[in-house]
Ligand code: HPA
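Numbering (the working numbering), first residue to last: 11 to 281.
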C-alpha cells in the first residue's frame, strides 16, 4: 500500500534529521547548485531510503538533502524522476507522498525547459503560472487513499498565487529579470518535432519540458502550495536554429543557475 510505504520512507528520513522542514525544492537538470547554499546538511542518498525510486539521468544526482538556508529549514531533492525513464506517473511522484507524511507544506519545482514563446531567450527564468498536460499522464490514476487527498482534486490554481506574488517581489528586490508563462508537458525523451511546437504554441504554451506537471498535480492533490520556475535553456524545435543537445541544456542551466539560486534562496527565506 502506497500509504504504508510512504510512512516507512518518511520514518527513515525522520530518523536521520533533527527538525522537519515545511519547504521542499525539487532541483531540475543542471540546477542542483542550490544545495551549496544549504548549511548543516544531512545528505540522504535515494538508494538508502526504503521504497524510494532511483534516478538515472546524467546531470541528476540522487540525494534527499535536508538543512538550513540562513536558518530556514528546507528539504531538497537533488535529482528527480521522469516519465521517460520508464516510471509510472505515480512512481515518479512517490517522493511527494513521503514529503506529505513528513509535513512539507510548500513545494518548489524547478526545471530546464525549451522556449516556445518567441519573446523568450536561452537563460531566461520563467515563473510557471499554469500548465498544459499534453500527454495526459496523471499520478492520481488508480486507487485513491483519502488520507492523502480527494479523488477529484481541484486544479484551478495549480501554482500558488501567494507564492508567485512573493517570488515576483523577491525578483524585483534583487533586480532579477523574470518571465511568466504556461509550461507544457511533453513526454520525451526525444525533443519535440517542429510541428508539435507550432501546435503547442497555438494552444497557449510558453515553454515545454519533460517534468514538473506530475509533481504539480500530486502536490496540489496533497494540499501543498506549489511554486514552479523554468530555466529556458534553449528555444524549442523549429524556433531554435541549432539542433538540441542535453549537454547544451545542462550548460545553459548551469550558467543561469547562479541567478536562479540567488532568487530561490531569498524566496525560501521569505516563505
Ligand atoms: N524540450 C523539452 N524539454 C526540454 C527542452 C526542450 O526544448 N529543453 C530543456 N528541456
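For every residue, glycine included, the Cβ atom is placed at its ideal position computed from N, Cα and C.
Asked, Found
"Buried/exposed call for residue 252, threshold 16 Cβ in 10 Å", "exposed"
"Cβ pair count under 8 Å reaching 3, the region 34-44 against the region 83-96", "yes"
"Within the region 202-255, ranges of the alpha helix (DSSP H) (whole runs, at least 4 residues)", "204-212, 223-231"
"CB contact flag (residue 180, residue 202, <8 Å)", "no"
"Cβ-heavy atom distance, residue 210 to the ligand HPA, below 7 Å", "no"
"Cβ-based burial, residue 161 [other Cβ within 10 Å; buried from 16]", "exposed"
"Residue nearest to residue 258 in terms of C-alpha spacing, selected from 197, 230, 104, 133", "133"
"Stretch-stretch touch, CB-based, cutoff 8 Å, three pairs: the region 221-228 with the region 137-150", "yes"
"Quiz: which residues have CB nearer than 6 Å to the ligand HPA non-hydrogen atoms", "122, 123, 124, 196, 201, 202, 218, 219, 220, 243, 244, 246, 254, 259"
"N-terminal and C-terminal residue of the alpha helix (DSSP H) that residue 102 is part of", "99-102"
"The region 149-165 / the region 191-207 touching (three or more Cβ pairs under 8 Å)", "no"
"Residue 269 vs residue 173 beta-carbon contact at 8 Å", "no"
"Whole-Å CB distance - residue 207 paired with residue 75, under 8 Å assumed", "That belief does not hold up - the Cβ atoms of residue 207 and residue 75 are roughly 35 Å apart, past 8 Å."
"6 Å Cβ shell around residue 108 - same chain, five flanking residues per side excluded", "16, 19, 20"
"CA nearest to the CA of residue 25, picked from 41, 49, 58, 11", "58"
"Start-to-end residues for the alpha helix (DSSP H) that takes in residue 23", "12-26"
"Alpha-carbon to alpha-carbon, residue 157 and residue 191", "33 Å"
"Proximity of residue 44 and residue 274 at Cβ, strictly below 8 Å", "yes"
"Bridge partner(s) assigned by DSSP for residue 193", "141, 217"
"Three-state class that DSSP yields for residue 42 in the structure shown", "helix"
"Buried or exposed by the 16-neighbour rule on C-beta atoms within 10 Å, applied to residue 72", "buried"
"Residue 6 burial status per 10 Å Cβ neighbour count (16 or more: buried)", "A question about residue 6 goes unanswered here, because the residues of the chain that appear run from 11 up to 281."
"CA-to-CA distance, residue 235 to residue 117, given in whole angstroms", "6 Å"
"Cβ neighbours of residue 230 in the same chain (closer than 7 Å, five flanking residues each side left out)", "163, 165, 168, 236"
"C-beta contact flag for residue 114 and residue 281 at 8 Å", "no"
"First and last residue of the uninterrupted beta strand (DSSP E) at residue 178", "Where residue 178 is concerned, there is no enclosing beta strand (DSSP E), although the alpha helix (DSSP H) it sits in stretches over 171-184."
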